[in-house]
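Sequences listed follow chains A and B, in order. Per the numbering used here, numbering of the first sequence is gapless, rising by one per residue and ending at 1152. Per the numbering used here, numbering of the second sequence is gapless, rising by one per residue and ending at 249. Yeah, the Cβ is synthetic: ideal placement off N, Cα and C, and Gly gets one too. Notes to accompany the following structure.
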Amino acid sequence: MTDAGTVFSITLAFLFAAAAGLVGSFALMKRMILAADVISHVALPGLGLAFLWHLNPLLGGGTTLFLGTLLIWQLQKKESFSTEVAIGVVFAGSVAIGAALTPKEDLVEAFFGKFEQISGLTFLIGVLAVALIVFFIFQCKSALILNLFSPELAAATGIKINRLNLYFLLAFSLTVLIGLRFMGALLAGALIIIPAATGRRLADSIGVFLLASVLSSVLAVGIGFLVNTYVFRNLSIAPTIIMASALLFCVSLIGSKA
Amino acid sequence: MATNIILSVHALKIKFDSRSVIRNLSFDVMEGDNVAIIGPNGAGKTVLLKALLGLIPYEGDIRWSPGVRLGYVPQKIAADRQMPIRVHDLLAAKAHVLKSPAGSIDAVATLVGLTPEVLNASIGVISGGQFQKALIAFALLGDPSVLLFDEPTASLDELAEEQVYEVMERLQRQQHLTVLMVSHDLSVVYRAANKVLCVSKDAVCFGAPKEVLTPATLEAMYSAPPQFFLHRHGEVSEPPRKAAGRD
């Protein structure tokens, strides 16, 4: 690895922030904002197994995240559960299994992530994943808005809402997965939650909301890196970014429109 | 199917789990009809509209004539009205999904009387009447030939209610739409509908209001003596009022 690995890693962190802002805005309107926090924990059993078997943590985390997402979707669809209930059930089981499987010395990394250089291939996969998320959000923005407003009216308009919900959950989980490595299972979801809450405070239209959430998320990552580089050098990057994001939310409370 | 029959329903059965909501319902709707669907709470009026829209499973036959486009105004929207979504965002989203031509939003807004101020307002700050007009404009996008209204004036005050009915009647006149409307207000049924469909577990009727809305039918349908006044043209009477609670 060279310095390019660090540049790749930082660039991917900013791209993750942008995707998190977009996905978080719709998650907030779908009232599944807490799900962001919880769904990232679904990765824990996979992370635990990956650490145990010395595999790539993203491979393990991604596998259980994907399976958990499908399970949540099925629970929502077939049992008419609310998203919160469905995710809550999967979450509790995942944390228990993850805590049991993850070696003690790797628990901190599993929870809070680790900022490290990444290869060109990992960077490329990350960029493609972010591009997929951004494409999905902008391609399906209208359908997502109608589904948020009224699933019944969306269905009457010809939108396949079950499929749309699955795609959104997958985009949501993919966003968490991109952030998992450097934000950890505990805080990857936080960058989906807080910037969206900040954006909501500042916006009264959907376009401004999306823009404000993305900017707030990207700014939090930028401030996090700066503070981590020059002030809290021994602190993990994830808590610094989340503290910066929380600070931006507090600032948004002053003189916000909404 | 005859050319001027726009909807044919035959032996329709709808049940949820083991509970039967609609049993063996059959009727035909002609082009340009304004059909009022009435019945007591829980009789399945909303369920019927959802089946007609293809939103829920059913047994039997629902046949729309080819090329029919449906617009739907629901009874209530469970949406969080605090979402940062403007009326125009909502209409633009549907126009985008349906690939409606440019200018269609302005056209439907003009039809229902939505001002530019309301179009640019958030859905959380407009009045109930304006919100209902927005829903009608929403239903009109895509140039529907049939409009399905589910208690379009529920929870509106009388002024807003009158405005919504005026819009509905104007639309039917100008756009030559076929309308199916769930309503509890018998005055509206007499005023706007040329046919009435009664949906009830004890009585089913279909026909012109003055023919089918007899005291005996209403009593059988609502399982209680009706409190209404039958209106005949040329006679002076109190307007009939709401028949029962909501579905």
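Between Ala1114 (chain A) and Ser1139 (chain A) the beta-carbon gap is near 4 Å, inside 8 Å, which marks them as a contact.
Under the DSSP assignment, Ala13 (chain B) falls in the beta strand (DSSP E) whose first and last residues are 7-18.
When secondary structure is reduced to three states using DSSP, Gly73 (chain B) falls in the strand class. Within the same chain, Cβ atoms closer than 7 Å to the Cβ of Ala141 (chain B) are found at Gly73, Tyr74, Val75, Leu149, the five residues on either side in sequence being excluded. Distance from the CA atom of Ala913 (chain A) to the CA atom of Ile1100 (chain A), rounded to whole angstroms, is 16 Å. Selection B:Gly41, B:Ala81, B:Lys135, B:Val70 evaluated against Leu179 (chain B) yields B:Val70 as nearest (Cα-Cα).
Residues of chain B whose Cβ lies closer than 9 Å to the Cβ of Leu1042 (chain A) are, in chain order, Ala81, Asp82, Met85, Ile87. Membership of Ser1139 (chain A) in the alpha helix (DSSP H) is indicated by the continuous run 1131-1146.
With contacts defined as CB atoms closer than 7 Å, Thr1069 (chain A) and Val936 (chain A) fail to qualify as a contacting pair. With fewer than 16 other Cβ atoms from the protein chains shown falling within 10 Å of its own Cβ, Glu213 (chain B) counts as exposed. If the five residues before and after Glu61 (chain B) are omitted, its C-beta is found closer than 7 Å to the C-beta atoms of Lys15, all from its own chain and listed in chain order. Neighbours of Ala95 (chain B) across chain A, judged by C-beta separation under 7 Å: Ser1036, Ile1039, Leu1040. A residue is called buried once 16 or more other Cβ atoms fall within 10 Å of its Cβ, and Tyr167 (chain B) is buried on that count. When Cβ-Cβ separations below 7 Å define contact, Ser124 (chain B) makes contact with chain A. Glu213 (chain B): member of the alpha helix (DSSP H) spanning 211-214, first to last residue. At a beta-carbon threshold of 8 Å, the residues of chain A lying near Val99 (chain B) are Ser1036, Ala1037, Leu1040, Thr1051, Gly1052, Ile1053, ordered along the chain. Excluding its 5 nearest sequence neighbours in each direction, Gln132 (chain B) has C-beta neighbours in its own chain below 6 Å: Val120, listed in chain order. Assignment of Gly62 (chain B) by DSSP, reduced to helix, strand and coil, places it in the strand class. Against chain A, the beta carbon of Tyr74 (chain B) has neighbours under 9 Å at Glu1046, Leu1047, Ala1050, Thr1051, listed in chain order. Fully enclosed beta strand (DSSP E) runs of no fewer than 3 residues occupy 36-40 of the stretch 30-57 of chain B, in order along the chain. For Leu220 (chain B), there is no enclosing beta strand (DSSP E); the enclosing alpha helix (DSSP H) has its first and last residue at 217-224.
With respect to Ile1072 (chain A), Gly1020 (chain A) sits close: the two C-beta atoms are nearer than 7 Å. Closest by C-alpha distance to Gln174 (chain B), out of B:Ala218, B:Leu113, B:Asn122, B:Thr216, is B:Leu113.
Listed along chain A, the residues sitting closer than 7 Å to Asp91 (chain B) by beta-carbon distance are Ile1039, Ser1099, Ile1100.
For Lys203 (chain B), there is no enclosing alpha helix (DSSP H), as DSSP gives it neither H nor E. Residue-level contact check: Leu57 (chain B) touches chain A, since one or more beta carbons of chain A fall below 7 Å from its beta carbon.
Leu92 (chain B) is classed as buried because its beta carbon has at least 16 other beta carbons within 10 Å across all chains shown. The residues Arg71, in chain order, have a CB closer than 7 Å to that of Asp145 (chain B) in the same chain once the five nearest residues on each side in sequence are set aside.
Thr180 (chain B) carries a strand assignment under DSSP once its states are collapsed to helix, strand and coil. Interface flag for Met926 (chain A) against chain B is unset, since no Cβ pair is found closer than 7 Å. When only Cα atoms are considered, Val11 (chain B) and Lys135 (chain B) end up about 29 Å apart. Each of A:Thr1134, A:Leu1105, A:Asn1128 was checked against the Cα of Phe1119 (chain A), and the nearest Cα belongs to A:Thr1134. Residue contact with chain B for Phe1032 (chain A): absent (no Cβ-Cβ distance below 7 Å to any residue of chain B). Residue state for Leu1105 (chain A) is assigned as helix, using DSSP reduced to three classes. Between Pro939 (chain A) and Leu995 (chain A), the C-beta gap is smaller than 7 Å, which places the two residues in contact. Under the Cβ distance rule, Phe1103 (chain A) counts among the residues neighbouring chain B, one pair being separated by less than 7 Å.
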